[in-house]
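Visitor: Quick one: the structure is below, and I'll ask about it shortly.
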Amino acid sequence: MPVYILAHDIGTSGNKASVFDENGRLIASAGVGYPTETPGLGWMEQSADDWYRAVCEATRQVLSGLDASCVRAIGVSGQMMAALPVGSDGRALCPAIMWSDCRASQEAELLREQLGEHDFYRITGQPLSPNYPIAKILWLKQNRPEIYRSAACFLQAKDYINLRLTGGGYFTDPTDAAYTCLYDITAGAWSKTLCDLADIDMQKLPQVVPCGTVIGHVCEQAARECGIPSGIPVVETAGDGSAAHLGAGNAQAGDGYICLGSSTWIVAATQQLCFDEDSRMQSEPHVVQDLSVYLGTMQAGGLSYDWCRQLLGGRFSFEEMDALAGQTPPGSRGTVFLPYIAGERSPWYDHRLNASFLGLRQDCAAGELIRSVMEGVAFNLALILDTIRKDAQVDTLTLIGGGARSRVWQQILADILETPILVAENVHEGTSLGAAMIAGVGAGVFPDFSVCRRFIRSSRTVRPDERTFAVYRREKEIFRDACHAMRALNARIYALKGDILP
């Protein structure tokens, strides 16, 4: 009789359900989308009920043709940094304020003035930004006080789904807790200092349990809605980025990887917490309890590529875009793209940054725009990797995420980073595989996380082409200088938009 683990990834554009066997092999997957609403400048919201409906529908789809009684555990991961207030009945009181939402800029500035950037960073491991839940919850308290008062708890995406699946209990894990910026990553507990500073009631925060903890079992109502047996263990996993660490084989010090998804990040596993002297990088707990994570995150890696397709009228398929980029020489004939369509986290931490094309000419072709977007994302990742390597060793780099399916982008990354890239066999399953691994350990399918390394398979190794180094090194300097030069202008443009847009 087969053994299955069901994983869900509550992503930015939809939920992906995946079934893995006891050897970490993907048996089936299904996806169900949901919309994002933008009711104001810098606002990004989603319905938590849409998340749950997508989980139910995707569960039915992915298990069609499979024996649902063979599911030994369920592990849910998903987007991080949300502010979702739920009432005492466990239902959402308003739409979730998403990770990319930056409405709470004034609240973030207030926190910065009260505590200071350095002290905040040393407690949380995160540079202060309006994207973090500490600022968003404070925004709700000041602008929607009735919602704040009615909130029994503030949850992340996966934790809301777990609540619905089990029928009760407010839980989260150390990785999602860390990204609220209300958590002391050194002490491993909610920070009284930060809760007092933001005047946020600590009783409205969920209980933090280790990754791999069984937090309940599928209740009768969820079983009916999802079409699965009741009683299946539901295991606390990790936020999407943190689950992807494990799914990319990032399980011992020196392991590194890149996730080229909607949001994009580059990660190193370390023996101890690392802190950047300029507060530009992120430090967080690892799923494996004796390790830590040091990383830099981009707001819009894959999102920039999707945006470019829309900019070109949607007339090219992704395969055609890849071909056009491949036909364009390295350096995109002097076209440079700054990939800041949603502001930026690492290495700048400035929500006011805007995207820019530099070097445009009358004869600029679509292939140059497409390749320059790919290169712009890679240049920003190169700046992040340079910063990581000042404090941590990176021995290997594995590539996962939807963008990793592009062979052109694989080569661009290897060339600009000047590092061999190991491309994961299932490039778009990192988060789901990581969630399944954690659920499997929690349910006793696997003895511990060490066995999970054998599940990570590389399809190929992409080696850098030294012939590209000269042009890319020059363009990297231009990219860095352009970012510095544009920051002051972008601040003025952001203020202008605030005055003229509704």
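Under this note's numbering, the first residue of the sequence shown is numbered 0, with each subsequent residue one higher.
We put the CB at the ideal spot given by N, CA and C, even for glycine.
Quick caveat, the model's predicted, so the values are computed rather than measured.
(1) Is the distance from the Cβ of Arg-111 to the Cβ of Leu-137 below 8 Å?
(2) List the whole-angstrom C-beta distance separating Ala-487 from Ala-242, where the pair is believed to meet the contact cut-off of C-beta under 8 Å.
(3) So if DSSP puts Pro-38 in a beta bridge, which residue, or which two residues, is it bridged to?
(4) Whole angstroms are fine: how far does the CA of Ile-214 sit from the CA of Gln-78?
(5) For the beta strand (DSSP E) holding Asp-20, just list the boundary residues, first then last.
(6) What are the boundary residues of the alpha helix (DSSP H) that includes Cys-194?
(7) Sort Gln-206, Thr-386, Thr-185 and Pro-34 by Cα distance to Asp-289 and report the nearest one.
(8) If you reduce the DSSP assignment to three classes, tell me which class Thr-430 lands in.
(9) If you drop the 5 nearest sequence neighbours on each side, which residues of the same chain put their C-beta closer than 7 Å to that of Val-444?
(10) Comparing alpha-carbon positions, which option in Asp-195, Ile-257, Gly-13 and Gln-270 lies nearest Asp-390?
(11) Does the region 355-370 come close enough to the region 140-147 that 3 or more CB-CB pairs lie under 8 Å?
(12) Alpha carbon to alpha carbon, what distance is there between Val-422 and Gln-409?
(13) Grab the span of the alpha helix (DSSP H) containing Cys-225 for me, first residue to last.
(14) Tell me the rounded alpha-carbon separation between Val-376 and Asp-88.
(15) What residues match up with Phe-336 in a beta bridge as DSSP calls it?
(16) Return the chain-ordered list of same chain residues with a C-beta closer than 7 Å to the C-beta of Thr-418, the five sequence neighbours on each side being excluded.
(17) Please classify Lys-496 as buried or exposed, where buried requires at least 16 neighbouring CB atoms within 10 angstroms.
(18) Are the region 376-386 and the region 226-237 touching, with three or more C-beta to C-beta distances below 8 Å?
(19) According to DSSP, simplified to helix, strand and coil, what is Pro-173?
(20) DSSP on Arg-279, reduced to helix/strand/coil?
(21) Taking the alpha carbon of Met-97 as the reference point, which residue from Thr-35, Gln-60 and Leu-65 has its own alpha carbon closest?
(22) With DSSP as the reference, please indicate the residues paired to Pro-129 in a beta bridge.
(23) To the nearest angstrom, how far is it from the Cα of Arg-466 to the Cα of Ser-371?
(24) Using a Cβ-Cβ cut-off of 7 Å (strictly less than) and excluding sequence neighbours within five positions of Asp-349, which residues of its own chain qualify?
(25) Taking Cβ to Cβ, would you say Tyr-293 is nearer than 8 Å to Ser-278?
(26) For Asp-254, tell me which candidate among Leu-65, Ser-262 and Ala-267 has the shortest Cα-Cα distance.
(27) Would you kindly check if the distance between the Cβ of Cys-307 and the Cβ of Ile-369 is under 8 Å?
(28) Is Gln-309 buried or exposed, if buried means 16 or more other CB atoms sit within 10 Å of its CB?
(29) From Ala-250 to Ala-438, what distance separates their C-alpha atoms?
(30) Counting along the chain, where does the alpha helix (DSSP H) carrying Ala-72 start and finish?
(31) For the region 37-47 and the region 118-126, state whether three or more C-beta atom pairs, one from each stretch, are separated by less than 8 Å.
(32) Can you round the beta-carbon distance between Ile-133 and Leu-193 to whole angstroms, since I take them to be within the 8 Å contact cut?
(33) Quick one: is Glu-106 buried, meaning 16 or more other Cβ sit within 10 Å of its Cβ, or exposed?
(34) Per the DSSP calculation, Gly-240 is bridged to which residue(s)?
(35) Phe-317 to Leu-311, Cα distance in whole Å?
(36) What runs of the alpha helix (DSSP H), each 4 residues or longer, lie entirely inside the region 298-351?
Guide: A quick look at the data gives this:
(1) no
(2) Their Cβ separation, rounded to whole angstroms, is 38 Å, which puts Ala-487 and Ala-242 out of contact at 8 Å.
(3) Pro-38 is not bridged to any residue.
(4) 19 Å
(5) 13-20
(6) 191-197
(7) Thr-185
(8) helix
(9) Val-2, Ile-4, Glu-21, Arg-71 and Ala-72
(10) Gln-270
(11) no
(12) 8 Å
(13) 219-225
(14) 43 Å
(15) Phe-356
(16) Leu-396 and Pro-463
(17) exposed
(18) no
(19) helix
(20) coil
(21) Thr-35
(22) Its beta-bridge partners do not exist; DSSP assigns none.
(23) 18 Å
(24) Gly-342, Glu-343 and Arg-486
(25) no
(26) Ala-267
(27) yes
(28) exposed
(29) 16 Å
(30) Ala-72 -> not in any alpha helix (DSSP H); beta strand (DSSP E) instead, spanning 70-77.
(31) no
(32) 6 Å
(33) buried
(34) According to DSSP, which records beta bridges pairwise, Gly-240 is partnered with nothing at all.
(35) 12 Å
(36) 301-310 and 317-325
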